[in-house]
Amino acid sequence: MISPAAIEEIQGAGRARRKPVDAKTGFEITSEFQRFNQKYDMFNRAVWDDSVRSERSRKFFESYFTDLAEFRAVEGFQHRDYALRNAAWYIADFTADLLETSGDRKEGFLDSYTMFREGATRKMEASAEENSAEVKRAGKFLGADAIGICDYDERWVYTHNYSRQKLTDKEIDLPDDLRHVVVITNEMDHETIQTVPSALSGAATGQGYSRDIIAVLSLTQYIRNLGYRAVASLNDTALSIPLAIQAGLGQYGRHGLLITPEFGPRVRIAKIFTDLPLIADDPIDFGVTETCNICRRCSAACPVKAIPSAAPSFDTHDGVSHVKGIRKWTINAKQCFTFWANQGSDCSICIRVCPYNKDFSRLGNRILRWMLSNRWRRMALWLDVKLRFGRRQTAGWWWRRPAAG
Ligand code: SF4
Ligand code: SF4
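Heads up: take any position in the sequence shown, counting from 1, add 3, and you land on our numbering.
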C-alpha cells in the first residue's frame, strides 16, 4: 500500500502549478489506494488463475498465432477476417516475441522495450519549454496522432512485472528518477470498429498497437539521440490511462477507457519515461464526466453487463484485477474477458456505441461533440440515437467498400 503521505506528495506533483493534479483530473483517491501488480491483469490471470483460464481462453490466445482449424460460419468471423486481424497484430506480436524465449521479456505487453541504439553521449542543452514543443513536433512526425506530457507519478507504476515463462513476479526495471512521461495516442480505425462484434474489428486493435509501437520506439530513440534517458512502454510497466489523463489527452469514461477529443475512446496509448527536461501539460475537461453521468449507452449495450450503470464507486468486483482506493466507474474485467474468450476475438461494442466514437473530420460530428460539452448535451445524446450513430455494420459492408486512397 502506498502511504497517505506519499499520495499527498504525488498529488502535489508539479508544485509550481496552481492546483494539485488530482483536483484537475477529478481522481478521488483514498488512503486505501494500492498500486497494481501486473500479475492480476486479466490476460495474465488467464495464464495462472483457474477461475479465468479455460479451454476457450487457450483457444482465444492461440487464434492470434496459429492457422485456425475452424472459422465460425458467421459473417465477421471467417477466414479473411481472422487473416486480416492477425496481420494487423503482426508488428505488435513480432516485437513482443523477439526476446520472450531468450530473455523472458515480452516487450510492450509485460516489459518495456529495450531495442534501441546507444544515444548521444553529450546532452543537447535547451529549455524545458523548447524540449516540450520539439518533442511534440518530432512525435507527430514519427507517427503519434496526439501527444501530451505529465509528471512522473509513482501511483500508476505497477508494483511488479509478471513473467509468463516462470509464472512469477518480476522486479519493475524502471528507474525512479525519470521525472517526466511523454504520452502518445494513436487512432484505431473507425470503419472496422463499426463491425464489432467481429474478428475483423480486432484488426483495428492490432493496427492501433502497431502504429503506436512505431511511434513510441522512434520517439524514444529521438530522445536518446538528444543525450537523455528514455524508457518506452506500451501496456507494460504502468497504467496508461491515468497518465494519459494527466498528460491532457482526454478524460475517463464510464466504460473504463480514455475518451479523447480527437477520436473518442478509439485510441491505443503508449508512453515514454524520460529525464529530458519537459513541462507537463494540464488535464483537459470537455464535459465527458457529465455526459457519462446521463448517457449509459455502453453499459446498456455490453452483452455481459460488465459496465456499471450506477454512479462511480469504490467497487472492485472480485477485488483482484482492479486498482483499489479510487472512486470511479470500474468494469468487471473478468466478465468482459470471458466474453472475448467465448466469442474468439476481442470486443469493442462499448467503443462502437459511445457517442464520442465519431469521425470528427466532419463538421456535423464536431457540432455534436460541442453539444456534448454544454447544456445541449441531452439533445446531442437524443440525436445520437435518432441518427443511429454507433449501429453495427456488417463485415461484408466493410470488405465491399472501396479501399481509401
Ligand atoms: S469490451 Fe465488450 S464485453 Fe467488454 S466491457 Fe466493452 S462491451 Fe462489455
Ligand atoms: S457510451 Fe456514454 S456513458 Fe459510456 S463512456 Fe461513452 S459517453 Fe460515457
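We put the CB at the ideal spot given by N, CA and C, even for glycine. Since this is a predicted model, take the numbers as computed values, not measurements.
- Item | Residue range of the unbroken beta strand (DSSP E) whose run includes C305 | C305 -> no beta strand (DSSP E), and no H or E assigned at all.
- Contacting residues, own chain, Cβ-Cβ under 7 Å from Q396 (five flanking each side not counted): The residues are Q197, T198.
- Message: Just to confirm, is the Cβ distance from S66 to I282 under 7 Å?
- Response: no
- Query: How about I334 and G259: are their beta carbons less than 7 Å apart?
  - Reply: yes
- Assuming G393 and R300 form a contact by the criterion Cβ under 8 Å, report the distance between their Cβ atoms to the nearest whole angstrom. 7 Å
- Message: If you reduce the DSSP assignment to three classes, tell me which class V234 lands in.
- Response: strand
- Query: Over what stretch of residues does the beta strand (DSSP E) that includes R214 continue unbroken?
  - Reply: No beta strand (DSSP E) contains R214, which is instead part of the alpha helix (DSSP H) from 205-228.
- Query: What first and last residue would you give for the alpha helix (DSSP H) that runs through V388?
  - Reply: First-last of the alpha helix (DSSP H) with V388: 380-389.
- Identify which residue in G347, H193, D172, L384 has its Cα closest to the Cα of W401. H193
- Less than 6 Å between the CB of V219 and some heavy atom of ligand 1, yes or no? no
- Message: Rounded to whole angstroms, what is the Cα-Cα separation between Q338 and V307?
- Response: 6 Å
- Message: Applying the 10 Å Cβ sphere with the 16-neighbour rule, what's the burial state of Y93?
- Response: exposed
- Which two residues bound the contiguous beta strand (DSSP E) that contains Y165? 163-166
- For A123 and R227, the rounded distance between their alpha carbons: 6 Å
- Kindly identify the DSSP beta-bridge partner or partners of E174. H163
- Which residue's Cα is closest to the Cα of T117: G251, A309, Y155, A233? A233
- Message: Here's a check: name, in chain order, each residue in its chain whose Cβ is nearer than 6 Å to the Cβ of A19, leaving out the five neighbours to either side.
- Response: Model confidence at A19 stands at a pLDDT of 47, short of 50, so the residue's coordinates are unreliable; what they give is reported in the following sentence. Correct list: empty, nothing qualifies.
- Message: How far does the alpha helix (DSSP H) with A95 in it extend, from its first residue to its last?
- Response: 93-100
- Task: Answer yes or no: the CB of C357 versus the heavy atoms of ligand 1, is any distance below 6 Å?
- Result: no
- Task: Label L390 either buried or exposed according to how many other C-beta atoms from any shown protein chain fall within 10 Å of its C-beta, with 16 as the threshold for buried.
- Result: exposed
- Message: Taking its Cβ as the centre, do 16 or more other Cβ atoms sit within 10 Å of I329, making it buried, or is it exposed?
- Response: buried
- What's the C-alpha gap between L102 and L145? 24 Å
- Task: With a cut-off of 8 Å on the beta carbons, I'd call S201 and D84 a contact; round off their distance for me.
- Result: 6 Å
- Query: Cα separation between R125 and Y231?
  - Reply: 9 Å
- Under 7 Å between the Cβ atoms of K331 and P315? In contact: K331 and P315 (Cβ atoms closer than 7 Å).
- Task: Kindly confirm or deny that the region 242-255 and the region 156-170 touch, where touching means at least three C-beta pairs closer than 8 Å.
- Result: Flag = yes, the region 242-255 and the region 156-170 touch.
- Message: Restricting to Cα atoms, I'd like to know which of A250, L384, N89 is closest to T208.
- Response: N89
- Roughly how many angstroms separate the alpha carbons of G267 and D154, rounded to a whole number? 24 Å
- Message: I need the straight-line Cα distance from F317 to V326, nearest angstrom please.
- Response: Answer to the nearest angstrom: the Cα atoms are 9 Å apart.
- Message: When you compare the CB positions of K42 and Y165, do they come within less than 7 Å of one another, or not?
- Response: yes
- Should V55 and R167 be called a contact, given that it needs their Cβ atoms to be closer than 7 Å? Cβ atoms of V55 and R167: not closer than 7 Å.
- Query: T223: buried (16+ other C-beta within 10 angstroms of its C-beta) or exposed?
  - Reply: buried
- Message: Are there any heavy atoms of ligand 2 lying less than 6 Å away from the beta-carbon of C301, as far as the coordinates show?
- Response: Indeed, a heavy atom of ligand 2 lies less than 6 Å from the Cβ.
- Task: Give the straight-line distance between the Cα atoms of L113 and K361, rounded to the nearest whole angstrom.
- Result: 31 Å
- Taking the continuous beta strand (DSSP E) assigned at G151, which residues delimit it? 149-154
- Message: Check for me: the alpha helix (DSSP H) holding I196 runs from which residue to which?
- Response: 193-196
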